[in-house]
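Q:
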Amino acid sequence: ADSPAEDVVAIATTTQLGDVADQIARCAGSSVTTLMGVGDDPHEFSVSSAQIAEMTRVPLVITNGLGLEGGMSSAIENAVSDGANVLEIAPLVDPLPFTSRAHDHEDGHDDEDGHDDGHDDGHGHDHTGDDPHFWHDPMRMAQAARIIGDEFTAVTGDDAFAACAVETATELESLDAEVREILSEVPEENRYIITDHAAFGYFGDVYGFTQAGVVIPGGSTEAEPSSEELAELVDVIRETGVNAIFSNNAGASRLVDAVAAEAGEIEVVQLFEGSLGPDGSGAETYQTMMISNARLIADALR
């Protein structure tokens with residue numbers, strides 16, 4: 247959302263948060279700009295010095311947090327020390343711990359959740375940390391919408407933002423019911439998902455799916471699984487009988503394709519995971535992204 251700077255009430259980091267925050271802001275006669283573009287990988291994205299300066303000039307900066315924006319962590323810290331007002335959403339929406347299931351074949355590795363700047367310093371939290379991928383649960387995104395609206399009202403003094411956020415949150419609660427309806431087509435015995443990285447913990451938790459395995463250990467798109475890990479994953483695919491691996495529109499699919507080829511008779515389905523979709527994709531907004539993903543998952547696992 248590009249509009250004159252004086253109308254911009256906030257800058258958001260990810261496309262999902264940017265879209266929901268912008269829906270609230272536009273309802274109240276303002277707007278939100280988003281740092282990441284469609285298809286940008288949130289784990290790898292880095293910002294320019296001009297963008298860091300911009301973060302100190304707007305009333306609010308909305309980040310996902312819990313280490314998701316790995317490539318931006320020092321930029322966010324710099325912006326804060328320069329006076330930016332940062333609202334970190336994920337810790338405020340009852341975050342889930344990383345599910346151990348997705349890490350069964352990853353024992354003995356550091357950086358298992360992959361959201362740790364592992365490509366910078368090799369240190370990071372292990373899978374006992376909290377999972378940042380909360381946006382795969384529309385009810386948590388509804389909670390986020392209310393928090394954002396209240397914060398907009400706090401920084402502007404305009405009650406319209408909080409009222410608009412309630413409207414958006416109500417819409418997201420209806421979205422949850424719609425996603426449930428679509429996924430109800432998937433039989434119990436098919437509710438196993440294999441993904442490119444450990445991003446579907448919330449989705450599995452709220453909609454009753456087991457994340458049976460991940461291609462890239464834990465999920466920084468920079469990580470490289472060993473041939474032994476890939477072989478174990480192929481075994482998991484054969485044991486569970488899953489017929490699809492889900493890859494990510496904002497990350498590499500080369501390894502996913504390799505595992506699919508090795509497992510045989512398995513479809514690779516690209517989901518809108520790290521980012522919204524481009525124009526014409528049917529996933530241009532947060533709501534349509536969630537519906538598209540639900541349909542893709544239901545069609546693949548039915």
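Per the numbering used here: the sequence shown ends with 548, consecutive numbering throughout.
The beta carbon of each residue, even a glycine, is placed where N, CA and C say it ideally should be.
Predicted, not measured: the structure shown is a model, and the values here were computed from it.
Could you round the C-beta distance between P305 and N331 to whole angstroms and report it? I think they count as a contact, below 8 Å.
A: Contact flag correct, Cβ pair sits at about 7 Å.
Q: Just grab the DSSP bridge partners of A258 for me.
A: According to DSSP, which records beta bridges pairwise, A258 is partnered with T280, I308.
Q: What does the alpha-carbon distance come out to for the pair N436 and R548?
A: Distance between the alpha carbons of N436 and R548 is about 7 Å.
Q: Which one of D503, G395, A445, L479 has the shortest CA to CA distance from S521?
A: Among D503, G395, A445, L479, the Cα nearest to that of S521 is on A445.
Q: Go ahead and pull the three-state DSSP assignment for H369.
A: With a pLDDT of 30 at H369, under the threshold of 50, the predicted position of this residue should be treated as unreliable, though the coordinate-derived value follows. DSSP places H369 in coil when its eight states are reduced to three.
Q: Helix, strand or coil, according to DSSP, for L517 in the structure here?
A: Strand at L517.
Q: Spatial neighbours of D367 within its chain, please: CB distance less than 7 Å, with the 5 preceding and 5 following residues excluded, ordered by chain position.
A: For D367, the predicted structure reports a pLDDT of 30, less than 50, and the residue's modelled location is therefore unreliable. A value from the coordinates is still provided. There are no such residues.
Q: Give me the Cβ distance between G447 and D377, rounded to the nearest whole Å; I'm assuming they're in contact under 8 Å.
A: G447 to D377, Cβ: 5 Å. Contact.
Q: Cβ atoms of A321 and S292: under 8 Å apart, would you say?
A: Their beta carbons are under 8 Å apart, which means S292 touches A321 by this criterion.
Q: Should the stretch 282-302 be regarded as contacting the stretch 257-271, the criterion being three or more beta carbon pairs within less than 8 Å?
A: With the cut-off at 8 Å, the stretch 282-302 and the stretch 257-271 touch.
Q: G459: buried (16+ other C-beta within 10 angstroms of its C-beta) or exposed?
A: It counts as buried.
Q: What residues in its chain sit with their C-beta under 7 Å from that of D422, if we drop five residues either side in the sequence?
A: Correct list, in chain order: P384, M385.
Q: Express the C-alpha separation of V452 and A477 in angstroms, rounding to a whole number.
A: A477 and V452: Cα-Cα distance of roughly 29 Å.
Q: Report the CB separation of N489 from F518 in whole angstroms; it is logged as a contact under 8 Å.
A: Between F518 and N489 the Cβ distance is about 20 Å, and since that is not below 8 Å, they are no contact.
Q: Spell out a yes or no on whether the stretch 389-407 and the stretch 262-278 are touching, meaning 3 or more CB-CB pairs, one atom from each, closer than 8 Å.
A: With a cut-off of 8 Å, the stretch 262-278 and the stretch 389-407 count as touching, because enough Cβ pairs lie within range.
Q: Determine the burial state of A507: buried for a count of at least 16 other Cβ atoms within 10 Å of its Cβ, exposed for fewer.
A: So A507 counts as exposed.
Q: Residues in its own chain within less than 6 Å of A390 by CB, not counting five upstream and five downstream?
A: Here the set comprises I335, V339.
Q: Skipping 5 residues on each side, what residues in its chain have a beta carbon closer than 8 Å to that of S261?
A: Before going on, a small fix: residue 261 reads as Thr here, not Ser. Cβ within range, chain order: T280, M282, G283, V284, D286, S521, L522.
Q: Taking buried to mean at least 16 other C-beta atoms within 10 Å of its own C-beta, is D268 buried or exposed?
A: It counts as buried.
Q: What residue from L418, S319, S538, L542 has the CA that sits closest to S294's CA?
A: Per the Cα distances, S319.
Q: Under a three-way DSSP split, which group does D376 fall into?
A: Correct three-state label for D376: strand.
Q: Between A504, M535, E431, which lies nearest to D545 when the distance is taken from Cα to Cα?
A: It is E431 whose Cα lies nearest to the Cα of D545.
Q: Quick check on A296: buried or exposed, where buried means 16 or more other Cβ atoms within 10 Å of its Cβ?
A: By the 10 Å Cβ count, A296 comes out exposed.
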